[in-house]
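A short write-up of the structure that comes next.
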Amino acid sequence: MFGPRTKDDETEAQENAAPATNSAPAQQSHPRPAAPAVARRVVDMPGSRRSSSAASDTDKKLTVGKGLSLAGEITSCDILVVEGKVEAKLSDGKLLEITESGQFRGSVEIENADIAGRYDGQLVVHGRLTVRATGRISGMVKYGELEVSAGGQIIGEVQVAGGGVQAAGGNGGFKSAAKFAAVSEDEEQKKSA
Numbered sequence: 137m138f139g140p141r142t143k144d145d146e147t148e149a150q151e152n153a154a155p156a157t158n159s160a161p162a163q164q165s166h167p168r169p170a171a172p173a174v175a176r177r178v179v180d181m182p183g184s185r186r187s188s189s190a191a192s193d194t195d196k197k198l199t200v201g202k203g204l205s206l207a208g209e210i211t212s213c214d215i216l217v218v219e220g221k222v223e224a225k226l227s228d229g230k231l232l233e234i235t236e237s238g239q240f241r242g243s244v245e246i247e248n249a250d251i252a253g254r255y256d257g258q259l260v261v262h263g264r265l266t267v268r269a270t271g272r273i274s275g276m277v278k279y280g281e282l283e284v285s286a287g288g289q290i291i292g293e294v295q296v297a298g299g300g301v302q303a304a305g306g307n308g309g310f311k312s313a314a315k316f317a318a319v320s321e322d323e324e325q326k327k328s329a
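Using the numbering used here, the first residue of the sequence shown is number 137, and each one after it goes up by one.
Structural data, given as structure tokens:
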């Protein structure tokens, strides 16, 4: 039964098969058993940059690898991972991730951003902006929530989205950090008087 097949076994298998018609010789078909379904499990690793809620299987993801350069306008992209160099405009995405080797220049309007490399330009983050220890942002920044690791840098004009003091003049609602600090000190002096 489990040993090597002999001619008698093969003859018996052919005799037990369905009878053949006169027009075509009988061919044996051995259906292959279906492969068992393998369950996939997503593991949220401690210390990972993206939470499982930030990305799903249906998200459209673009990765610009190390050593690659991309220039232009990026549309219909939910997740952009920059490991190389990008000079572009991006809007209506879910996540921008710039790795330590990544560089981005341009303008972005996005839900969440995780910056470990360099960003130059205008950045609007409606949700959480995370600046890693190796991250450096220069330009105009507007964010909903901000997390900056020790060593991370933001250089330029900064504003909290949906709140804070509105800037006077035509600078698009951004206020430099120095001007913001001066306004805050003036308000505190007025309250104490």
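All C-beta atoms, glycine included, are put in the ideal place defined by N, C-alpha and C.
Straight-line gap, residue i to residue j (C-alpha atoms, nearest Å)
i: Ser212; j: Gly229; result: 7 Å
i: Leu206; j: Gly220; result: 8 Å
i: Ala224; j: Glu247; result: 17 Å
i: Ile251; j: Val260; result: 13 Å
i: Gln295; j: Lys196; result: 29 Å
i: Leu231; j: Asp214; result: 6 Å
i: Lys202; j: Ala297; result: 32 Å
i: Phe240; j: Ser227; result: 14 Å
Beta-carbon separation (whole angstroms), residue i vs residue j, contact threshold 8 Å
i: Ser285; j: Arg264; result: Their Cβ separation, rounded to whole angstroms, is 13 Å, which puts Ser285 and Arg264 out of contact at 8 Å.
i: Pro266; j: Gly253; result: The sequence given here places Thr at residue 266; Pro does not occur at that position. Contact doesn't hold; Cβ gap of about 12 Å is too wide.
i: Leu204; j: Ile210; result: Contact flag wrong, Cβ pair sits at about 14 Å.
Where the beta strand (DSSP E) through residue i begins and ends
i: Gly220; result: No beta strand (DSSP E) holds Gly220; DSSP gives it neither H nor E.
i: Ser205; result: Ser205 to Ile210
i: Glu236; result: Careful: Glu236 lies outside any beta strand (DSSP E) and carries neither H nor E.
i: Thr266; result: Arg254 to Val267
Residues bridged to residue i (per DSSP)
i: Gly292; result: Gly275
i: Thr199; result: Val217
i: Gly287; result: Paired residues: none, contrary to the question.
i: Ala249; result: Leu232 and Leu265
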